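To convert, take the position in the sequence shown, counting from 1, and add 17; that gives my numbering.
Each residue gets a CB set at the ideal place from its N, CA and C atoms; glycine is no exception.
Quick caveat, the model's predicted, so the values are computed rather than measured.
Everything on this sheet refers to the single structure shown next.
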Amino acid sequence: MKKIHFKTINSTNTYLKENYKFLPNFTCVSSAHQSQGHGRYNRNWESNNNENLMFSILIKNKKLIEKFSSISLAIAACILKLLTSYKIKNISIKWPNDVYVNDKKICGILLEGIANECLIIGVGLNVNQTNFSKEIEDKTTSIINIKNKKTSIFLLKNKLYKLIYKELKKIENDDKSYLEIVRNNNYLKDKEVFASINNKQELVKVIDVNVDNSLKILLHEEIINIISGEITFHKD
Ligand code: BTN
Numbered sequence: 018m019k020k021i022h023f024k025t026i027n028s029t030n031t032y033l034k035e036n037y038k039f040l041p042n043f044t045c046v047s048s049a050h051q052s053q054g055h056g057r058y059n060r061n062w063e064s065n066n067n068e069n070l071m072f073s074i075l076i077k078n079k080k081l082i083e084k085f086s087s088i089s090l091a092i093a094a095c096i097l098k099l100l101t102s103y104k105i106k107n108i109s110i111k112w113p114n115d116v117y118v119n120d121k122k123i124c125g126i127l128l129e130g131i132a133n134e135c136l137i138i139g140v141g142l143n144v145n146q147t148n149f150s151k152e153i154e155d156k157t158t159s160i161i162n163i164k165n166k167k168t169s170i171f172l173l174k175n176k177l178y179k180l181i182y183k184e185l186k187k188i189e190n191d192d193k194s195y196l197e198i199v200r201n202n203n204y205l206k207d208k209e210v211f212a213s214i215n216n217k218q219e220l221v222k223v224i225d226v227n228v229d230n231s232l233k234i235l236l237h238e239e240i241i242n243i244i245s246g247e248i249t250f251h252k253d
């Protein structure tokens with residue numbers, strides 16, 4: 018894996034989008050600071066300088082690009098393994114791409130792609146940041162807020178790169194063992210939530226995550242599967 022680290026950059030995902038042509042498969046780009054870090058739906062990704070882990074991995078391998086639907090859940094399973102190795106408890110995976118600890122988000126995953134050419138996996142894990150902005154403070158946590166002590170971002174990053182590399186190799190070989198971790202730690206399981214279905218927010222009950230990575234839900238007493246979209250606890 019080729020590794021690049023910046024002190025500051027606009028966004029590690031954007032860097033890979035702009036430079037993927039010249040970089041090899043599995044290039045990992047991290048940064049201590051991002052001036053335009055973004056999350057899903059183009060939301061801002063908040064992080065103080067040098068306090069959190071932010072990186073992106075470039076995938077150019079066609080076989081893996083085709084399996085993009087497995088990737089965010091598989092990366093979430095890697096985060097769960099990593100946090101477990103730091104003795105953190107109560108970790109769960111919120112389909113399709115967040116990791117929660119004690120009902121608060123600790124990690125977000127953002128997949129972006131350039132059709133048939135590459136896939137970029139962006140990961141933001143809150144590590145040593147204690148305070149977050151008003152808008153997100155009630156629903157956000159970090160390793161320091163759980164363990165009350167600082168964690169080396171460098172060590173965390175190297176452990177996570179290894180876990181992710183191993184998991185991506187498994188996916189390439191059609192090994193979907195990450196699914197068991199996702200199902201056993203499914204944050205949404207049995208919860209009543211709002212899901213966007215045909216552009217309408219519907220109250221549904223979550224049943225499980227399917228083998229094709231879609232979410233199995235109950236809508237008006239009928240079981241349906243959704244392949245993407247945001248799941249919220251309140252109607253907008
Ligand atoms: C989300 O929860 O919406 C996904 C957040 C992803 C944030 C990471 S930080 C590293 C990479 N660069 C970005 O601009 N975003 C991702």
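Identify every residue that forms a DSSP beta bridge with residue i.
| i | result |
| --- | --- |
| cysteine 45 | Lys20 and Ile74 |
| isoleucine 126 | Val140 |
| valine 118 | Ile108 and Lys121 |
| valine 221 | Val210 |
| threonine 25 | Paired residue(s): none; threonine 25 is not in a bridge. |
| asparagine 61 | His55 |
| threonine 157 | Lys122 |
| threonine 249 | Phe211 |
| valine 228 | Paired residue(s): none; valine 228 is not in a bridge. |
| isoleucine 131 | Cys135 |
Could you give the residue range of the alpha helix (DSSP H) that holds residue i?
| i | result |
| --- | --- |
| alanine 93 | 85 to 102 |
| tyrosine 182 | 170 to 189 |
| lysine 34 | 29 to 36 |
| lysine 164 | 160 to 164 |
| isoleucine 234 | Run containing isoleucine 234: none in the alpha helix (DSSP H); it sits in the beta strand (DSSP E), 232 to 236. |
| valine 199 | 195 to 201 |
Rounded to whole angstroms, what is the Cα-Cα separation between residue i and residue j?
| i | j | result |
| --- | --- | --- |
| aspartate 191 | aspartate 225 | 20 angstroms |
| serine 87 | aspartate 229 | 8 angstroms |
| leucine 205 | serine 47 | 30 angstroms |
| leucine 81 | tyrosine 182 | 12 angstroms |
| leucine 90 | glutamate 152 | 26 angstroms |
| isoleucine 74 | glycine 139 | 7 angstroms |
| leucine 180 | histidine 22 | 19 angstroms |
| lysine 193 | histidine 237 | 31 angstroms |
| lysine 176 | glutamate 239 | 42 angstroms |
| lysine 84 | isoleucine 163 | 34 angstroms |
| aspartate 155 | lysine 121 | 8 angstroms |
| asparagine 143 | lysine 98 | 15 angstroms |
| serine 245 | leucine 232 | 8 angstroms |
| isoleucine 161 | threonine 168 | 7 angstroms |
| glutamate 247 | tyrosine 103 | 29 angstroms |
| tyrosine 178 | phenylalanine 72 | 10 angstroms |
| glycine 130 | leucine 136 | 4 angstroms |
| aspartate 115 | glycine 125 | 5 angstroms |
| glutamine 51 | asparagine 59 | 14 angstroms |
| valine 221 | isoleucine 96 | 27 angstroms |
Buried or exposed for residue i, please, with buried defined as at least 16 other CB atoms from any protein chain shown within 10 angstroms of its CB.
| i | result |
| --- | --- |
| glutamine 53 | exposed |
| serine 109 | buried |
| serine 28 | buried |
| threonine 147 | exposed |
| lysine 20 | exposed |
| threonine 249 | exposed |
Which residues bound the beta strand (DSSP E) around residue i?
| i | result |
| --- | --- |
| lysine 242 | Reading off the sequence, residue 242 comes out as asparagine, not lysine. Counting along the chain, the beta strand (DSSP E) containing asparagine 242 begins and ends at 239 to 243. |
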